[in-house]
Amino acid sequence: MITVHCLSSGSSGNSYAVDDGESVLLLEAGIPARRIATGYLKLLPRVSGCLITHEHGDHAKGAAKLSGRGIDLYMTAGTQTALGEFKYPYRIHTVKAQEQFSLGSWIVLPFDTEHDAAEPVGFLLASSFTHEKLLFATDTYYIKYRFSGVNVFMVECNYSLSILQQNLQAGRIPENQRSRLLHSHFSLEHVIDFFKLTDLSAAQKIYLLHASDRNSDQKLFKDTVQRVTGVPTKVL
Numbered sequence: 003m004i005t006v007h008c009l010s011s012g013s014s015g016n017s018y019a020v021d022d023g024e025s026v027l028l029l030e031a032g033i034p035a036r037r038i039a040t041g042y043l044k045l046l047p048r049v050s051g052c053l054i055t056h057e058h059g060d061h062a063k064g065a066a067k068l069s070g071r072g073i074d075l076y077m078t079a080g081t082q083t084a085l086g087e088f089k090y091p092y093r094i095h096t097v098k099a100q101e102q103f104s105l106g107s108w109i110v111l112p113f114d115t116e117h118d119a120a121e122p123v124g125f126l127l128a129s130s131f132t133h134e135k136l137l138f139a140t141d142t143y144y145i146k147y148r149f150s151g152v153n154v155f156m157v158e159c160n161y162s163l164s165i166l167q168q169n170l171q172a173g174r175i176p177e178n179q180r181s182r183l184l185h186s187h188f189s190l191e192h193v194i195d196f197f198k199l200t201d202l203s204a205a206q207k208i209y210l211l212h213a214s215d216r217n218s219d220q221k222l223f224k225d226t227v228q229r230v231t232g233v234p235t236k237v238l
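If you're matching positions, the sequence shown starts at 3 in our numbering and goes up one per residue.
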């Protein structure tokens, strides 16, 4: 079975690794490259590359130095342009939504997402080694695609509409922050709607990502999603 590793998840930085027993893919580089290298030290010999969803610092601030450590990076042209020039351009590979490619033992299919970034994407990963599928979708307020046969879900669950509204009324967050969240991140309510429309017949595990420090309740999120889907759920 695909194994999921996490060094950091949230607005302070995001870094994940997925391992099918043959090849490892890094997902995001939102923490310092040194921390990524040391945190995944035992996995590094089998790392085939790092997938970057978009240019925001909590997802890509370690990307440039990670490429300097010999890790190839995969991102859209819009993300690459937004990040600027790289010292090791031969380590940067441009991907396009709806155009799949092979990376180690994985088949990677990027798909467009909805976020306040240049050209954000999510990734559907299929392992040719375990014959399993993993969906990775973060920093998006809507997923327009329908997926089937997915075994492992890694999906953002950033905030709850009710908690967000309570914090707004209490003056703990400003209106502009609320507005941005509504148009850039996946809420608990969005996640539930997404899973209700998704084929879960092959689902083995759901990982909830990028929970807000102020506007989330991790126990509520885990319990609610697990109850609605019937799939073992964990908040990273």
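We put the beta carbon where it would ideally sit given N, CA and C, even for glycine.
Predicted model, so just to flag it, every value in this text is computed and none were measured.
Test item: CB-CB of residue i and residue j under 7 Å
i, j, result
"GLU57", "ALA84", "yes"
"GLU158", "PHE138", "no"
"ILE33", "GLY64", "yes"
"TYR161", "SER214", "yes"
"LEU210", "PHE223", "yes"
"ASP60", "GLY15", "yes"
"ALA35", "LYS67", "yes"
CA-to-CA distance, residue j to residue i, given in whole angstroms
i, j, result
"GLU177", "ASN169", "10 Å"
"ALA62", "MET77", "10 Å"
"ASP201", "GLY173", "40 Å"
"SER104", "ARG48", "15 Å"
"GLY12", "LEU163", "18 Å"
"TYR147", "VAL6", "23 Å"
"GLN1", "ARG71", "The displayed coordinates of the chain run from 3 to 238. Any statement about residue 1 would go beyond what the structure contains."
"ASP21", "ILE4", "6 Å"
"ALA120", "THR142", "13 Å"
"HIS212", "SER130", "28 Å"
"LEU27", "LEU53", "7 Å"
"ALA128", "GLN102", "10 Å"
"ILE208", "VAL233", "7 Å"
"PHE155", "HIS117", "19 Å"
"ASP80", "TYR42", "Checking the displayed sequence, the identity of residue 80 turns out to be Gly instead of Asp. Their backbone Cα atoms lie some 28 Å apart in a straight line."
"THR231", "LEU190", "13 Å"
"GLN228", "PHE149", "19 Å"
"GLN82", "SER10", "22 Å"
Residues bridged to residue i [DSSP beta-bridge criterion]
i, result
"GLU30", "BP columns for GLU30 are empty, so no partner."
"VAL49", "VAL26"
"SER189", "TYR161"
Range covered by the beta strand (DSSP E) that runs through residue i
i, result
"LEU68", "Here LEU68 belongs to no beta strand (DSSP E); instead the alpha helix (DSSP H) covers 65-70."
"LYS207", "207-211"
"ASP21", "17-21"
"ALA120", "No beta strand (DSSP E) contains ALA120, which DSSP labels as neither H nor E."
"THR235", "235-237"
"ALA139", "135-139"
"VAL243", "Lying outside 3 to 238, the shown extent of the chain, residue 243 is not represented and no answer is given."
"THR55", "From DSSP, THR55 is part of no beta strand (DSSP E); its letter is neither H nor E."
Cβ-based neighbour list, residue i, same chain, cut-off 6 Å, excluding 5 preceding and 5 following
i, result
"CYS8", "TYR18, LEU238"
"PRO112", "VAL97, ALA99, VAL123, PHE125"
"GLY106", "SER25, SER50"
"ALA204", "GLY151, ASN153"
"ILE165", "ASN217"
"GLU134", "ILE4, ASN153"
"LYS221", "none"
"ILE175", "ASN169"
Any chain C beta carbon closer than 7 Å to residue i
i, result
"ALA99", "Among the protein chains of the structure shown there is no chain C, as only one such chain exists."
Beta-carbon contacts of residue i that lie in its chain and below 8 Å, excluding the five residues immediately before and after
i, result
"SER69", "LEU75, PHE88, LYS89, TYR90, ARG93, ILE94"
Boundaries of the alpha helix (DSSP H) in which residue i is found, first to last residue
i, result
"THR231", "220-231"
"ILE38", "35-41"
"ASP201", "Run containing ASP201: none; DSSP gives neither H nor E here."
"HIS61", "59-62"
"THR83", "79-85"
Neighbourhood of residue i by C-beta distance below 7 Å, restricted to the same chain and skipping five residues each side
i, result
"ILE109", "GLN102, ALA128, SER130"
"THR235", "ILE208, LEU210, LYS224, VAL227, GLN228"
"LEU46", "ALA39"
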